[in-house]
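Protein chains in written order, with my numbering: chain C, 637 to 930; chain Z, 3 to 554; chain G, 4 to 609. These notes concern the structure reproduced below.
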């Protein structure tokens with residue numbers, strides 16, 4: 637019995653309930669997964685396989701609905717697997733969906749919490765913001781993008797944030813620059829921040845962590861490590877945090893941003909780069925499958 | 003400054019090494035005057051005439067660069083940037099970002115230079131840097147057009163299009179296909195096909211000329227766009243048909259990642275769908291033969307080369323010359339074909355079949371007959387074999403022992419079958435010995451193109467897995483028969499080179515007087531045959547299959 | 004009733020659309036019924052130019068001018084005027100100033116102050132009858148021209164100093180000579196009838212009223228240049244003009260004016276009518292030629308000029324309808340006569356389509372150099388409803404606004420250019436004090452923006468960015484520095500564009516900025532539209548004290564934004580209101596309860 641059949645057995649179909657390009661290249665996908673929806677906590681992720689020829693890809697759960705039995709993910713189209721995902725239609729079924737995986741985000745009443753999101757993290761940070769707000773924190777949310785037209789999910793974030801700042805590289809919003817520029821901007825204005833949480837690409841995590849470091853703000857980041865099984869077996873997502881070896885899938889994905897060995901993370905993340913690129917050589921977009929018959 | 007008849011101000015400036023920015027001009031294409039970046043000042047003329055279309059005269063006084071002109075050019079580029087994703091250009095963190103986001107982000111839709119496959123050779127970016135633009139004052143206006151990627155081979159993201167019209171003109175003027183056109187008007191003007199049809203529906207032949215001329219990332223070759231800056235580029239010729247167009251092979255991580263037309267070649271920078279889009283996927287296909295294999299107890303087992311050659315030699319020795327046949331692929335280069343003929347001569351057999359020759363006009367034969375059809379035929383004639391003796395494939399298949407250099411249906415039943423090929427196939431599955439050969443892109447060698455000219459093949463990458471050049475393999479077999487005359491490629495060449503040099507077809511030269519000869523003969527004929535060494539390429543390249551199915 | 008009478012019925016597009024063909028039919032029927040067919044002829048004519056007062060019926064030879072005639076009036080005209088010689092007073096033109104009836108064509112101020120050279124036959128002859136044209140002196144110019152050498156014809160045109168009426172004002176004779184001297188056979192002649200300015204209808208009227216004049220001009224030009232093939236490029240939206248042209252072509256051919264061996268001179272020339280699809284840019288000569296050749300109407304850089312390499316790569320001469328219609332008279336009356344009209348730099352006459360806030364709108368023709376004010380006030384009868392003149396736009400969307408204080412400016416090429424406008428092909432739009440100049444600039448720019456061919460960056464994108472700034476200013480979101488940005492953009496578009504469409508597109512913005520900068524600043528600094536036109540800056544309100552509760556406004560409101568019981572105060576729901584202004588217009592004059600009020604814009608702190 638394969639993974640898919642097991643899932644069917646327990647009543648999990650992983651049907652795509654909705655799919656929408658919220659901004660160019662970033663998609664919101666709602667997937668039927670009632671068991672996951674019941675269990676998932678803020679900061680946790682799922683691993684899915686788009687089709688029978690696909691690979692395992694991790695995605696942060698950005699929202700869920702226990703009643704409807706659905707989970708929501710945001711993803712950016714950045715390779716063969718996400719391209720397949722972007723091509724799937726409402727009603728299609730994913731090959732498999734495993735979760736919730738990883739440790740939930742640390743939620744408590746810290747005082748003033750700064751949340752920073754970029755790219756998929758604009759969507760992914762939402763459950764954490766909501767939980768932080770419910771825990772009694774004052775929530776300041778900062779989201780970054782290249783331009784205003786690439787920002788999304790703002791209404792939802794606004795509803796759970798005391799303040800929401802938009803920052804863009806091209807200066808089309810109130811703050812010009814990236815999340816770390818906004819952090820600097822807030823600190824300069826005398827804002828007292830007790831804790832910072834960032835979600836986005838590794839570069840953004842690194843830059844943002846650097847911005848909070850000198851101010852001694854406890855900073856948590858959601859690392860993006862290459863991942864295969866997601867249960868601590870393969871070691872693919874190994875990273876060094878505070879001099880110790882950690883596995884992003886079971887020890888994280890939330891880590892202390894000031895302790896992460898970024899250079900190592902970048903090196904490991906880029907390791908399969910040429911294979912990722914060459915995967916395109918064989919990829920037949922229209923058929924959405926690799927050419928195996930020869 | 004010296005002015006030649008018919009030169010424009012831009013031509014003269016370029017000859018003199020004076021830089022004038024342009025986005026819409028292109029050699030071979032008529033002036034268009036759309037981008038408005040080459041505006042200059044000419045004494046006695048009103049306003050700012052465009053250098054690209056103003057004829058140069060001896061007494062002209064031209065200013066190509068001053069504050070006012072730069073201001074005008076900057077304003078025009080800013081207008082382009084107000085609608086072309088520009089955030090990376092103006093981002094403060096761009097240097098750090100370049101360092102850490104080293105991975106080419108294989109994004110579906112491009113929203114910044116970091117995500118753009120054309121980043122390394124973007125004409126717009128170059129001009130932005132030249133003009134020193136660091137800030138775009140306009141609110142960015144993303145067109146939000148749908149990504150067009152339902153067609154094979156290349157993606158179209160007209161959100162990046164700056165409407166320079168190069169693609170439209172190359173399709174109309176050079177390829178004479180007119181698949182692309184300007185549609186709508188005013189600010190809504192777009193590049194599109196007639197009635198918004200897919201390229202497949204319009205009869206597009208996917209030559210890729212439009213992709214080659216696009217100055218931005220709007221048109222991009224899907225399979226080969228994300229590799230980033232190339233490690234090296236190697237000029238060689240395509241071996242998929244006997245026209246042997248000039249190509250430039252892009253190499254990254256030791257692999258062939260792209261092939262683009264060589265503008266300095268006799269085909270004037272034009273290719274067909276095979277040369278432009280199919281070589282890289284074929285060469286990198288996982289179905290390549292990697293190791294020598296010999297049949298042991300009904301299993302094909304990987305072995306060292308020496309063992310495989312011994313197996314082949316010993317096998318052949320068991321048969322009388324009359325029972326042995328040779329199949330010489332017309333995709334073999336001259337050196338490899340010569341060695342096969344030499345082996346046949348040494349073994350004393352005349353049982354030889356040559357590829358699958360095509361019939362028709364010279365051009366049709368070139369397109370359908372194989373990558374070195376003329377060379378192989380001439381080498382055969384040069385040897386002492388007469389054409390009456392040339393065997394048909396079905397005659398060969400009746401023989402007991404066969405040494406083939408290509409996949410050929412019907413020979414699987416032979417008692418002893420040696421296959422020396424690039425791809426695994428039905429033939430190789432049934433073979434007694436499988437000898438993995440290198441493709442035309444990985445070997446040195448020569449071909450005799452359909453015009454009777456000898457052209458060199460250059461190896462672009464290191465040998466694939468354990469595969470070896472065809473001539474080396476055959477020579478090793480030949481050595482097994484005690485013939486050790488040849489040890490270098492030069493030795494092979496000196497044996498036939500002068501003979502092939504005599505093959506000249508002066509009547510073909512007339513064809514080349516027109517720079518657009520290749521597009522024209524491609525338009526008048528079908529594409530070259532979709533096969534290499536007997537293997538159906540549509541089974542190797544999915545997009546090619548889609549194209550073939552659409553044309554049926 | 005001794006002399007033969009003719010009743011002329013206008014069948015220009017304007018009068019046709021107000022049922023003049025039915026009037027004509029009815030006239031014919033009643034004249035026949037009255038047994039007067041031998042004494043009274045009923046004849047169709049082209050446009051008289053006074054389109055505002057159509058349908059127009061003229062009784063000749065007296066020259067009695069009836070306007071706004073209805074089918075029901077026919078009986079009275081026949082009974083009273085034709086049978087009993089008594090002019091039907093109520094159908095006569097009434098002078099708005101003196102309130103007196105003016106019976107005669109020649110006495111009406113609209114006509115009295117004009118000098119009609121190009122429009123010489125318009126309204127007087129039957130456009131579908133070549134004999135009518137010939138008896139009015141038609142084709143005598145051609146005969147005179149054929150008596151001269153080809154150089155002689157070009158010399159005559161040069162001496163007349165006739166300048167192209169299409170807009171740029173390039174000397175016609177010089178253009179002909181360039182084409183004649185160019186190498187290449189065959190040569191082509193094109194009549195540019197792709198009239199596209201909003202509100203302009205000079206070319207259409209000429210083609211409808213006097214098509215032979217244009218054909219005769221073309222044949223003369225073809226002879227002088229050595230062209231063997233001619234095209235009339237006319238937009239397909241002008242079906243009547245095309246129909247009359249086709250009819251005239253056939254008749255001219257039958258009379259031996261067109262075809263092989265014209266008038267036994269050995270000259271051969273044929274004309275083909277090309278229908279344009281209505282793109283404004285196809286009025287540009289290189290785009291027009293592309294369109295004729297079946298390509299997308301996109302301008303190309305010049306050189307090569309059409310005279311050297313035009314249609315099908317051959318020497319081609321392109322002239323406007325009015326230029327060509329001037330040629331026959333220049334031939335028949337002589338270059339000196341023509342040059343004596345107008346000014347030294349701009350000879351001859353200018354035809355305008357006078358529209359906008361003007362009492363008498365229609366086609367007018369005056370000598371070049373006539374003061375703008377004279378056209379507006381003496382011919383046009385000034386601004387109606389006692390309002391003041393604010394500005395006038397010449398040259399259509401490519402032209403500029405000339406403010407009221409410059410009303411004494413002579414209308415000729417140089418003067419208009421120095422005022423920031425252009426002569427253009429003949430649009431003249433009059434604006435009263437209730438016009439917002441930002442709105443006007445926005446209107447014209449949105450036209451050129453949409454009609455841009457999209458080829459070159461400054462025109463395609465630059466006009467769009469300009470329009471966006473204007474939209475913001477109109478919506479009360481203008482920022483300090485916007486005007487400088489507009490000027491910078493205008494400079495880029497003007498100097499950077501490939502063709503004249505882009506090169507002149509910023510003119511309305513530049514001239515309004517030049518003459519009405521304060522009005523722009525009012526929008527930006529005080530978020531106020533002084534003319535109360537810009538929707539984003541006004542709201543509609545019903546005055547509580549004045550409202551009589553008639554309910555007219557509520558019944559007319561297209562979005563049901565007005566509520567109120569009969570005889571009770573009505574209220575506008577501002578959230579629903581789309582500010583169309585219908586309530587404002589429909590409120591009975593005695594109440595005048597609907598008011599426009601400046602909106603108070605609360606600005607976000609920067």
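Every residue, glycine too, gets a C-beta built ideally from N, C-alpha and C.
Looking at the strands, I want to know which residues DSSP matches up with residue 447/G. In the third chain, residue 447/G corresponds to position 444, counting from 1. Beta-bridge pairing links residue 447/G to no other residue.
Output the boundary residues of the alpha helix (DSSP H) element that contains residue 78/Z. For the purposes of this step, residue 78/Z is taken as residue 76 along the second chain, with counting starting at 1. Looking at the DSSP string, the run of the alpha helix (DSSP H) that includes residue 78/Z is 69 to 83.
What residue does the alpha helix (DSSP H) around residue 207/Z start on, and which one ends it? As a position in the second chain, residue 207/Z is number 205, starting the count at 1. Under the DSSP assignment, residue 207/Z falls outside any alpha helix (DSSP H); it carries neither an H nor an E label.
Does the separation of the CB atoms of residue 49/G and residue 15/G fall below 8 Å? As a position in the third chain, residue 49/G is number 46, starting the count at 1. As a position in the third chain, residue 15/G is number 12, starting the count at 1. Against a cut-off of 8 Å, the Cβ pair of residue 15/G and residue 49/G comes out as a contact.
Grouping DSSP H, G and I as helix and E and B as strand, with all else coil, what is residue 14/Z? Within the second chain, the letter at position 12 stands for residue 14/Z. Residue 14/Z: helix per DSSP, three-state reduction.
Measuring only between beta-carbons, confirm whether residue 195/Z sits less than 8 Å from chain G. Numbered from its first residue, the second chain carries residue 195/Z at position 193. Interface flag for residue 195/Z against chain G is unset, since no Cβ pair is found closer than 8 Å.
Going straight from the alpha carbon of residue 468/Z to that of residue 711/C, what length do you get? The count along the second chain starts at 1 and reaches residue 468/Z at position 466. The count along the first chain starts at 1 and reaches residue 711/C at position 75. Between the C-alpha atoms of residue 468/Z and residue 711/C there is a straight-line separation of about 41 Å.
Between the Cα of residue 501/Z and the Cα atoms of 17/Z, 456/Z and 182/Z, which residue gives the shortest distance? In the second chain, the residue the question calls residue 501/Z occupies position 499. For the residues 17/Z, 456/Z and 182/Z, the minimum Cα distance to residue 501/Z belongs to 456/Z.
So residue 514/G and residue 421/G are in contact, right, with Cβ under 8 Å, and what is the actual spacing, rounded? Residue mapping note: residue 514/G aligns to position 511 of the third chain, counting from 1. Residue mapping note: residue 421/G aligns to position 418 of the third chain, counting from 1. With a beta-carbon spacing of about 12 Å, residue 514/G and residue 421/G fall beyond the 8 Å limit used to define contacts.
Tell me where the beta strand (DSSP E) around residue 228/Z begins and ends. As a position in the second chain, residue 228/Z is number 226, starting the count at 1. For residue 228/Z, there is no enclosing beta strand (DSSP E), as DSSP gives it neither H nor E.
Integer Cβ distance of residue 543/Z from residue 217/Z, believed to fall under 8 Å: The count along the second chain starts at 1 and reaches residue 543/Z at position 541. The count along the second chain starts at 1 and reaches residue 217/Z at position 215. Not a contact, Cβ separation roughly 27 Å.
Residue ranges of each beta strand (DSSP E) within the stretch 63 to 113 of chain G, 3 or longer: Secondary structure remark: continuous beta strand (DSSP E) runs of at least 3 residues inside the stretch 63 to 113 of chain G, in chain order: 67 to 69.
Give the straight-line distance between the Cα atoms of residue 9/G and residue 326/G, rounded to the nearest whole angstrom. Translated into the one-based positions of the third chain, residue 9/G becomes position 6. Translated into the one-based positions of the third chain, residue 326/G becomes position 323. Between residue 9/G and residue 326/G, the C-alpha separation is close to 31 Å.
Is residue 784/C helix, strand or coil when you go by DSSP? For the purposes of this step, residue 784/C is taken as residue 148 along the first chain, with counting starting at 1. For residue 784/C, the three-state secondary structure derived from DSSP is helix.
Have a look at residue 772/C and residue 745/C and give me their C-alpha separation to the nearest angstrom. Against the first chain, residue 772/C aligns to sequence position 136. Against the first chain, residue 745/C aligns to sequence position 109. Each residue's CA atom was taken as its position, placing residue 772/C and residue 745/C some 6 Å apart.
In whole angstroms, give me the CA-to-CA distance for residue 464/G and residue 567/G. Translated into the one-based positions of the third chain, residue 464/G becomes position 461. Translated into the one-based positions of the third chain, residue 567/G becomes position 564. Approximately 47 Å between the Cα atoms of the pair.
Please state if the CB of residue 524/Z and the CB of residue 48/Z are separated by a distance shorter than 8 Å. The count along the second chain starts at 1 and reaches residue 48/Z at position 46. The count along the second chain starts at 1 and reaches residue 524/Z at position 522. The answer is no: Cβ separation not under 8 Å.
Taking the C-alpha atoms as reference points, what is the distance between residue 65/Z and residue 132/Z? Stepping through the second chain from its first residue, residue 65/Z is reached at position 63. Stepping through the second chain from its first residue, residue 132/Z is reached at position 130. Rounded to whole angstroms, residue 65/Z to residue 132/Z spans 17 Å at the Cα level.
Where residue 299/G meets chain Z, residues with beta-carbon distance less than 8 Å: Counting from one through the third chain, the residue named residue 299/G turns up at place 296. Near residue 299/G (Cβ distances below 8 Å), the residues of chain Z are 183 and 184.
Outcome for residue 833/C when other beta-carbon atoms lying within 10 angstroms are tallied against a minimum of 16: For the purposes of this step, residue 833/C is identified with residue 197 of the first chain, where counting begins at 1. Around the beta carbon of residue 833/C, 16 or more other beta carbons lie within 10 angstroms, which makes this residue buried.
Within 10 angstroms of the Cβ of residue 383/G, are there 16 or more other Cβ atoms? Answer buried if so, exposed if not. Within the third chain, the letter at position 380 stands for residue 383/G. With 16 or more Cβ atoms within 10 Å of its Cβ, residue 383/G is classed as buried.
Closer than 9 Å by beta-carbon distance: list the chain C residues that pair up with residue 94/Z, in chain order. By 1-based counting over the second chain, the position of residue 94/Z is 92. Chain C residues near residue 94/Z: 805, 812, 813, 814 and 817.
My understanding is that residue 3/G touches residue 235/G, with C-beta atoms under 8 Å, so please give their C-beta distance in whole angstroms. As shown, chain G starts at 4 and ends at 609. That puts residue 3/G outside it, with no answer to give.
Can you tell which of 350/G, 241/G, 557/G and 502/G has the C-alpha that lies nearest to the C-alpha of residue 51/Z? For the purposes of this step, residue 51/Z is taken as the residue at position 49 of the second chain. That would be 502/G, whose Cα lies nearest to the Cα of residue 51/Z.
Between the stretch 33 to 63 of chain Z and chain G, which residues of the former have a C-beta closer than 9 Å to a C-beta of the latter? Flagged, chain order: 33, 34, 35, 36, 37, 38, 39, 41, 49, 50, 51, 52, 54, 55, 56 and 57.
Is DSSP giving residue 194/Z helix, strand or coil here? For the purposes of this step, residue 194/Z is taken as the residue at position 192 of the second chain. The three-state reading of DSSP puts residue 194/Z in strand, counting E and B together.
Residue 457/G at chain Z interface by Cβ criterion, 8 Å: On the third chain, residue 457/G is found 454 positions in, with the first residue counted as 1. Output row for residue 457/G: interface = yes.
Between the Cα of residue 507/Z and those of 295/Z, 497/Z and 451/Z, spot the shortest distance and give me the residue it belongs to. Position 505 of the second chain, counting from 1, holds the residue named residue 507/Z. Minimum Cα distance to residue 507/Z is reached at 451/Z.
Own chain, CB closer than 6 Å to residue 179/Z, minus 5 neighbours either side, in chain order: On the second chain, residue 179/Z is found 177 positions in, with the first residue counted as 1. Taken in chain order, the residues that qualify are 173.
So which residues on chain Z does residue 722/C lean against when the C-beta distance must stay under 9 Å? The sequence position of residue 722/C within the first chain is 86, counting from 1. Residue 722/C reaches chain Z at 110, counting residues in chain order whose Cβ is nearer than 9 Å.
Along chain Z, in chain order, which residues have C-beta atoms closer than 9 Å to that of residue 785/C? On the first chain, residue 785/C is found 149 positions in, with the first residue counted as 1. Simply 113, 142, 143, 144 and 146.
So with CB distances below 7 Å, who are the chain Z contacts of residue 498/G? Working through the third chain from its first residue, we reach residue 498/G at position 495. Simply 49, 50 and 74.
Buried versus exposed call for residue 436/Z [16 or more other C-beta atoms within 10 Å across all chains shown]: Taking the first residue of the second chain as 1, we reach residue 436/Z at position 434. Its Cβ being crowded by 16 or more others within 10 Å, residue 436/Z is buried.
Helix, strand or coil for residue 13/G, going by three-state DSSP, please let me know. Sequence index remark: in the third chain, residue 13/G carries index 10 (1-based). Of the three classes helix, strand and coil, the one that applies to residue 13/G here is strand, per DSSP.
Per DSSP, what kind of secondary structure is residue 712/C in: helix, strand or coil? Numbered from 1 along the first chain, position 76 holds the residue referred to as residue 712/C. Judged by DSSP in its simplified three-state form, residue 712/C adopts strand.
Just how far apart, CA to CA, sit residue 862/C and residue 815/C? Taking the first chain and counting its residues from 1, the one referred to as residue 862/C is at position 226. Taking the first chain and counting its residues from 1, the one referred to as residue 815/C is at position 179. If I take the Cα positions, the gap works out to 24 Å.
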